[in-house]
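The block underneath contains the structure these notes are about, expressed in structure tokens.
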Amino acid sequence: MAAASLLFQRNGRILVSPGDGLDGVLRSVRLCAQLHSIVAGSFIYELSPAVIWGTAARGLHSADLIQRLEKASVLPMPPVFAVTLSETMARYGALELVDRGSRPELIARDPSILREIGIRPDFDGSSDVEVDQSELGALKLAAIKAGWPIVDRRSRVTNEATISLDPRIHLRPYQHGALSAFHAGRDGVILLPCGAGKTIVGVAAGASVGGPVLVLVPSRTVGEQWKSTWLASTTCNCEDIEWAGGQPADPLVTIATYHAATTGSVSGTLSSRSWRIIIYDEVQSLPADVFRLAATLNAEHRLGLSATLVREDGREAEVFALVGPPLYEASWLELERDGWIAPARCYEVRVPPAENDADARRYKMAVVQRLLDRHRNEPTLVVGTNVASLQATGSRLGFPVLTGNSSASNRNEVFDSFRRGEITTLGVSRIGSVGIDLPDATILIQISGTFGSRQEEAQRLGRLLRPSAGKTARFYTVVASATREQHFATRRQRFLVNQGYIYDIVDASELARVISDDQ
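Residue numbers 1 to 519, in the numbering used here, belong to the letters of the sequence shown in order.
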């Protein structure tokens, strides 16, 4: 096989052709660009300032980066690429946040940068300015929008506590890579597919720098999973890990939901402490106002974890501004190829358009019944954002359904029954889209989604990707043909298609034949 190579395109993208040494070429390209799509086995990347700043944070210089890219290129790098890389990388470190007495101070390499980001309209030539702690979030957002990342150089923790990773825990190669990138960059975001073990990367990062550690999570259920991982993977005992607001007052590891961390008395408690590291789980799903508040918490290190850093409002840059730049990324299909996540087949099953909701529900219910019959006794999730339709389907076909109104005790009981195999089919609303660990699930049937949310689609597929011997996951999304729902389904699939997944379009009338051919 010929060697893998890259080609700089006129539209500003980088095309990587497969071949020998592909992994090395992709590692070089990921130092300056993010994946746009995978087409016919070739990878298409586009330059990303945030990725370039993440590379700068890890200590690589633009000359080294350009040399690595040119080594793999079939043609010389266009001058515009080299200039863009150099100028973008030079912006990292031009604004630094440091400690000066009781308040942080922003130092600019060039005083004119302060005016550019909206500071000191009555410019007096000074290159530094004191910053109120409560304004840090808004300041970082303003700076990143102007193209100037703020590098946080403050050092605030004086009471570091030791935490050790259990010696029986062995990180996978890409997890080692992610951890090394975090240590080199200090603050930033790790991007790994669902099922690839982001939680253990976060725990390893926290253990490696010591406590106190703050873990921010989207829900109580996800937080309990983090607590279990800390206990199973480190030297921490139960008394070392507490929910925010609990006892003891100063545990080694504190866990809080984003909502609790930014409201009420818990917010004040967290703000009063200095953290060795703050870990932001599912960092992609948070609104900017929560980020601004979370960014005011004192921390020497910040680590964001995500599988799908895409937002329909296009505000991904705010994550990088407030947490840090992307430090490490592994693609879904590469980890599937190496056996670290399960292979998956994706289907869009189209039912006829209906004149009313009752007919639409009946058409979809018939498809769900056929799929459950075909995959009988396989761990199956039926998911939907339309709670009434999901509950009606569960009631008719005889499986339990969990929604946002289900009590915490009921959720835990049903989830545990599913994990033990006592329940083979489980219905979940949006509560099952993010962070829930159901490792044995092999089939997912989606009967409704949130408009065109790419993040939701990818997160739902991710519930199936925990690998096991001989496992092939199957993801079905059931939509009414020739309707707005079909349009939104196409939009939802975009992230996964760009990752290299292929959706087989299946008419409901041909479902039995297609499934039979797939087995």
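Glycine included, C-beta positions come from ideal geometry on N, C-alpha and C.
Asked, Found
"Beta strand (DSSP E) segments (min. 3 residues) lying fully within the segment 365–439", "380–383 and 425–428"
"Distance, Pro49 Cα to Tyr347 Cα", "35 angstroms"
"Sequence-distant residues of its chain with Cβ nearer than 7 angstroms to His259 (five each side left out)", "none"
"Where the beta strand (DSSP E) containing Arg103 begins and where it ends", "Arg103 to Ala108"
"9 angstroms Cβ cutoff met for Ala366 and Val382", "no"
"Extent of the continuous alpha helix (DSSP H) run through Gly206", "Lys198 to Val209"
"Pro326, enclosing alpha helix (DSSP H) - first and last residue", "Note, Pro326: premise wrong, no alpha helix (DSSP H); beta strand (DSSP E) at Pro326 to Glu329."
"Spatial distance of Leu191 from Ser233 (CA atoms)", "21 angstroms"
"Three-state class that DSSP yields for Phe182 in the structure shown", "helix"
"Nearest to Gln9 (by Cα), restricted to the options Ile52, Ala2 and Pro76", "Pro76"
"Segment limits, beta strand (DSSP E) that includes Asn498", "No beta strand (DSSP E) contains Asn498, which is instead part of the alpha helix (DSSP H) from Arg494 to Asn498."
"Cα-Cα separation, Leu327 to Leu297", "21 angstroms"
"9 angstroms Cβ cutoff met for Gln284 and Arg311", "yes"
"Simplified DSSP assignment, three categories, for Tyr503", "strand"
"The segment 5–19 / the segment 28–42 touching (three or more Cβ pairs under 8 angstroms)", "yes"
"Limits of the unbroken alpha helix (DSSP H) element including Phe451", "Note, Phe451: premise wrong, no alpha helix (DSSP H); not H, not E."
"Given 8 angstroms, three or more beta-carbon pairs between the segment 383–393 and the segment 412–424", "no"
"Residue environment, Pro581, which counts as buried when at least 16 other CB atoms sit within 10 Å", "The requested residue 581 is not part of the displayed model; the chain covers only 1 to 519."
"Assumed close pair Leu333, Gly500 - CB separation to whole angstroms, cut-off 8 angstroms", "4 angstroms"
"Distance, Val253 Cα to Ala244 Cα", "9 angstroms"
"Beta-carbon proximity list for Ala82, same chain, < 6 angstroms, skipping 5 on both sides", "Ile66"
"Nonlocal neighbours in the same chain, by C-beta distance under 6 angstroms from Trp53, ignoring five residues either side", "Tyr92, Pro149 and Pro325"
"9 angstroms Cβ cutoff met for Ala181 and Val215", "no"
"8 angstroms CB neighbourhood of Ala184 in its chain, flanking five on each side removed", "Ala57, Arg58, Gly59 and Leu327"
"Local conformation of Cys346 per DSSP, three classes", "strand"
"Reduced DSSP secondary structure (H/G/I, E/B, other) of Phe123", "Residue confidence for Phe123 is low, a pLDDT of 49 falling below 50, so the modelled location carries little weight; the figure read from the coordinates is stated next. If DSSP states are grouped into helix, strand and coil, Phe123 belongs with coil."
"Check whether Leu95 and Ile113 have beta carbons under 9 angstroms apart", "yes"
"According to DSSP, residues forming a beta bridge with Asp20", "Ala3"
"Val74, buried or exposed, once every other Cβ within 10 Å from all chains shown has been counted against 16", "exposed"
"Ser468 versus Gly188 - alpha carbon distance", "31 angstroms"
"Meets three-Cβ-pair contact criterion under 8 angstroms: the segment 127–139 and the segment 160–168", "no"
"Three-way DSSP call (helix, strand, coil) for Asp281 in this model", "coil"
"Span of the beta strand (DSSP E) around Trp226", "No beta strand (DSSP E) holds Trp226; the alpha helix (DSSP H) holding it covers Arg220 to Ser233."
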